[in-house]
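Asks: Under this note's numbering, the first residue of the sequence shown is numbered -16, with each subsequent residue one higher.
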Amino acid sequence: MNEHAFHVERTIVIGAPPEIVFRYFTDPVRFAAWWGAGSDIDCRPGGRVHIRYPDGTVATGNVVEADPPKHLVFTYGYEGEGKPIAPGASRVTIDLTEVSEGTRIRLRHEVPSAEVRDEHEQGWRYQLSLFANVVLDELHAGAAGKVDAWFAAWSEESEAARAELLAEIAAPDVRFRDRFSLVNGMADLLPHLAATHRFMPGFRLRRAGDVRHCQGTLLAEWVAVAPDGQERARGTNVFALDADGRIESVTGFWAMGTR
-16 MNEHAFHVER TIVIGAPPEI VFRYFTDPVR FAAWWGAGSD IDCRPGGRVH
34 IRYPDGTVAT GNVVEADPPK HLVFTYGYEG EGKPIAPGAS RVTIDLTEVS
84 EGTRIRLRHE VPSAEVRDEH EQGWRYQLSL FANVVLDELH AGAAGKVDAW
134 FAAWSEESEA ARAELLAEIA APDVRFRDRF SLVNGMADLL PHLAATHRFM
184 PGFRLRRAGD VRHCQGTLLA EWVAVAPDGQ ERARGTNVFA LDADGRIESV
234 TGFWAMGTR
């Protein structure tokens, strides 16, 4: 009977380029960031794989194939009594493909029995979720600065300065939606901002509180302040970032009781 007669397979898409995603399989510090402190990898054929889970469970293996940033194969099994998989008794294959949204990751874990397969289904679902968050937390570490620059662009009186600010942080086809906006692309957004300054001169937008981030989606509270220094409105913006870290869309929600 084939020693790897059963398998777990899972495919996810992460909003980051393959070169960035793959380094979490090659850099021991980044590898440990999504597996647990004390985990390590030597990403070359024959190299050691050592995984220490937060509960103290240890899994080990060896790299069989490595083709950065596209392909990685390693064996996988547990130390001690080797339950439910003995060292070397299973095989993990990871393939990365560049797609428009970033990187598609296909993971296939070949195991010796249906029982072991079923036991690892949720484990991989959970572990790859942690993986996506670790990758994107680092990629978008400067997200708060992009949010502040977005609000600064709305507050900037100079058309040239607004265009320069937005070009640095937003995609050319950026989309913006709120109760008074339905614009697509920079060529549509810039005159929309100019109209805002024409009809609400002197108003300023600023962030209120910390930016919350999850896998390329940001939540940021804002307030609008009139020239007399009084708050006139507040709300929440939802930002979506692309695989290059640029703002690709913003949806604004006005707080109850404001326009």
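Backbone N, C-alpha and C fix where the C-beta goes; we use that ideal spot for every residue, glycine too.
#1: Would you list the one or two residues that DSSP bridges to Cys197?
#2: Just the C-alpha distance for Ser138 and Glu121, rounded to the nearest angstrom, thanks.
#3: Suppose contacts are defined by Cβ-Cβ distances below 8 Å. Is Phe159 in contact with Trp17 by that definition?
#4: Could you give the residue range of the alpha helix (DSSP H) that holds Phe57?
#5: So what does Trp205 bridge to, in DSSP terms?
#6: Measuring straight from C-alpha to C-alpha, what distance separates Arg145 and Leu173?
#7: Could you check the C-alpha separation between Val221 and Cys197 for me, to the nearest Å?
#8: Using C-beta distances below 6 Å, list every residue in its chain close to Ala132, excluding the 5 sequence neighbours before and after it, in chain order.
#9: Between the alpha carbons of Gly199 and Phe14, how many angstroms are there, rounded?
#10: In terms of DSSP beta bridges, what is Ala49 paired with?
#11: When DSSP builds the beta bridges, which residues end up paired with Leu119?
#12: Alpha carbon to alpha carbon, how far is Ser96 from Met(-16)? Give it in angstroms, no decimals.
#13: Hey, is the stretch -14 to -6 in contact with the stretch 22 to 40, meaning 3+ C-beta pairs nearer than 8 Å?
#14: Using the Cα positions of Pro52 and Gly44, report the straight-line distance between them to the nearest angstrom.
#15: I'd like to know if Glu48 contacts chain B, where contact means its C-beta is closer than 8 Å to some C-beta of that chain.
#16: Going by the beta-carbon positions, is the gap between Trp205 and Arg195 smaller than 8 Å?
#17: What whole-angstrom Cβ distance do Val75 and Val(-4) have, given they're in contact under 8 Å?
Replies: Based on what the coordinates show:
#1: Walking along the sequence shown from the start, residue 197 turns up at place 214. Listed as beta-bridge partners of Cys197 by DSSP are Thr200.
#2: Along the sequence shown, one-based indexing puts residue 138 at 155. Along the sequence shown, one-based indexing puts residue 121 at 138. Computed Cα separation, rounded: 29 Å.
#3: Working through the sequence shown from its first residue, we reach residue 159 at position 176. Working through the sequence shown from its first residue, we reach residue 17 at position 34. Not in contact: Phe159 and Trp17 (Cβ atoms no closer than 8 Å).
#4: Here the question's residue 57 lines up with position 74 in the sequence shown. In the DSSP annotation of this structure, Phe57 is not part of any alpha helix (DSSP H); the continuous beta strand (DSSP E) holding it starts and ends at 54 to 61.
#5: Stepping through the sequence shown from its first residue, residue 205 is reached at position 222. DSSP output for Trp205 lists Arg190, Gly218 as bridge partner(s).
#6: As a working note, residue 145 is residue 162 in the sequence shown. As a working note, residue 173 is residue 190 in the sequence shown. Using only the alpha carbons, I get a separation of about 8 Å.
#7: Taking the first residue of the sequence shown as 1, we reach residue 221 at position 238. Taking the first residue of the sequence shown as 1, we reach residue 197 at position 214. Answer to the nearest angstrom: the Cα atoms are 11 Å apart.
#8: Against the sequence shown, residue 132 aligns to sequence position 149. For Ala132, same chain residues with a beta-carbon under 6 Å away, outside a window of 5 residues either side, are Leu148, Ile152 in chain order.
#9: For the purposes of this step, residue 199 is identified with residue 216 of the sequence shown, where counting begins at 1. For the purposes of this step, residue 14 is identified with residue 31 of the sequence shown, where counting begins at 1. Between Gly199 and Phe14, the alpha-carbon positions lie close to 20 Å from each other.
#10: The sequence position of residue 49 within the sequence shown is 66, counting from 1. Paired residues: Leu55.
#11: Along the sequence shown, read from residue 1 onward, the residue named residue 119 stands at position 136. In the DSSP secondary-structure assignment, Leu119 is not bridged to any residue.
#12: In the sequence shown, residue -16 corresponds to position 1, counting from 1. In the sequence shown, residue 96 corresponds to position 113, counting from 1. Note on Met(-16): pLDDT 37, under 50, position unreliable in the model; the coordinate value appears next. Take the alpha-carbon of Met(-16) and the one of Ser96: they are about 11 Å apart.
#13: Touching, no, given that fewer than three Cβ pairs across the two stretches are closer than 8 Å.
#14: The residue given as residue 52 occupies position 69 in the sequence shown. The residue given as residue 44 occupies position 61 in the sequence shown. Each residue's Cα considered, the two are about 20 Å apart.
#15: Judged by its chain identifiers, the structure shown contains no chain B, having just a single protein chain.
#16: Within the sequence shown, the letter at position 222 stands for residue 205. Within the sequence shown, the letter at position 212 stands for residue 195. No, these two residues do not count as a Cβ contact at 8 Å.
#17: Residue numbering aside, residue 75 sits at position 92 when the sequence shown is read from its first letter. Residue numbering aside, residue -4 sits at position 13 when the sequence shown is read from its first letter. No, Val75 and Val(-4) are not in contact; Cβ-Cβ is about 19 Å, not under 8 Å.
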